[in-house]
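Residue numbers (my numbering), protein chains in the order written: chain D, 65 to 195; chain U, 65 to 195; chain V, 65 to 195. Ideal placement from N, C-alpha and C gives every residue a C-beta, glycine not left out. Report on one structure; see the data block that follows.
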Amino acid sequence: MVILEIPTNRQVDLVLITEKISSAVSQQGWQDGILTVYIPHTTAAVTINENADPDVVRDIVMETNKVIPFEDHYRHMEGNAAAHIKASLFGSSETIIIEQGRLVLGTWQGIFLADFDGPRRRRVFLKFIGS
Amino acid sequence: MVILEIPTNRQVDLVLITEKISSAVSQQGWQDGILTVYIPHTTAAVTINENADPDVVRDIVMETNKVIPFEDHYRHMEGNAAAHIKASLFGSSETIIIEQGRLVLGTWQGIFLADFDGPRRRRVFLKFIGS
Amino acid sequence: MVILEIPTNRQVDLVLITEKISSAVSQQGWQDGILTVYIPHTTAAVTINENADPDVVRDIVMETNKVIPFEDHYRHMEGNAAAHIKASLFGSSETIIIEQGRLVLGTWQGIFLADFDGPRRRRVFLKFIGS
């Protein structure tokens, strides 16, 4: 397992981690199989979306903040209930295909760590299974 | 890796792909392991839900269109911001179990390509890992 | 494949299944790889979230019931359309990493079966792939 350490910069922040994952794939010599991207936090998630226009990420953040408001008579006392809810909706794991030593992504896809309760230092776990 | 080509027919369209995936499993002779179903698009996703009553899919489409409206002061200029947001909520990958050469699904489950910005020709990537 | 049988207790109920999964890992002698947690139902899902303060689960249930209301002019006649929609948003599968014979989870993470149309007896499929 490889562990990435990712600093985030805002309360809700989608940080592009494609390059860091690609580097791990190269350094580890992973050639052909699948890669589990796993987030070991309860107020963060992994998501795959457009990496070209930064307004896409901005719109994802804006709209999910609106659908799941920061305050809504939550009972959880730490004040980050909305972040927990978003984490469950986005999900803790994604599986990426690796072939010929490279991530197989769509043209516009990037892999993002989605922090819903930042800024913090977050971790991303990578586990490769060869085919 | 096997690539399916799936045409979609409406702006928001959940297309059943269970049969096409089952056929790939048979043709490839995949016997026992897991199958990653991966969508290489940023305005489409994969989801597993009821395949019996078509009103279930209709309700999923209707309600998610309501929760994430097509227009909401988004900044992304291509006009499909809502589709990107839905793609992140539904997710880019699902993992299916294969045993004795067959997909292990629940009685009512079907696998759907969820296009949120159609109609288009979409691709689905299938990667098998044997156990 | 290992099948867990999980009774749920309320209409919407997040049942902690971490211990049952850990026991399966030990009993099966799974040492190093990934574990697919798969829910073979169309009105239930798997989610990973905080296991410390029960108010987190309470808030997830409260808010998702509000965002996807039980009644909203759905056409599906069984009366559980909202449960189907939530199942697609939370997702049918998650992948967990196993190392040295143990689940690799974050400090506060628990694995939950999310039943959106209970109470019922539900099943959870576990499939291990060694690395």
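- Of the candidates Q164(V), A151(V) and E158(V), the residue whose Cα lies closest to the Cα of I132(V) is A151(V).
- Within the region 78-120 of chain U, the runs of alpha helix (DSSP H) that reach at least 4 residues and sit entirely inside it are, in chain order, 82-92.
- Between R185(D) and chain V, the shortest Cβ-Cβ separation is not below 8 Å.
- Between the region 78-88 of chain D and the region 67-75 of chain U, the count of C-beta pairs closer than 8 Å stays below three; the two stretches do not touch.
- Under the three-state reduction of DSSP output, R122(U) falls in the helix class.
- Think of a sphere of 8 Å around the beta carbon of I193(V): the chain D residues whose beta carbon falls inside it are I193, in chain order.
- Restricting attention to V89(U), L99(U) and Q75(U), the CA atom closest to the CA of T159(V) is found in L99(U).
- Taking C-beta separations shorter than 7 Å and ignoring five residues to either side along the sequence, the partners of W172(U) in its chain run E114, N115 and A116, following chain order.
- Cβ atoms of I193(V) and I193(U) come within 8 Å of each other, at about 6 Å.
- For K130(U), the number of other beta carbons within 10 angstroms of its own is below 16, and it is reported as exposed.
- Residue pairing by DSSP puts D179(D) in a beta bridge opposite D77(D) and A108(D).
- Contacts between E114(U) and chain V, judged by CB atoms closer than 7 Å, involve T106 and H148 in chain order.
- Inter-residue distance for A146(D) and L190(D) is about 26 Å (C-alpha atoms, whole angstroms).
- In this structure, V168(V) sits near M65(D), with a CB-CB distance shorter than 8 Å.
- Taking a beta-carbon distance threshold of 8 Å, Q164(U) does not count as an interface residue toward chain V.
- In the assembly as shown, R186(D) is a buried residue. Its beta-carbon has 16 or more other beta-carbons within 10 Å.
- When C-beta distances to chain V are compared with 7 Å, the residues of the region 126-140 of chain D below that value are V131, I132, D136, Y138, R139 and H140, in chain order.
- Within 10 angstroms of the beta-carbon of P104(U) lie 16 or more other beta-carbons, which makes it buried.
- Taking every protein chain shown into account, the CB of G155(V) has 16 or more other CB atoms within 10 angstroms, so this residue is buried.
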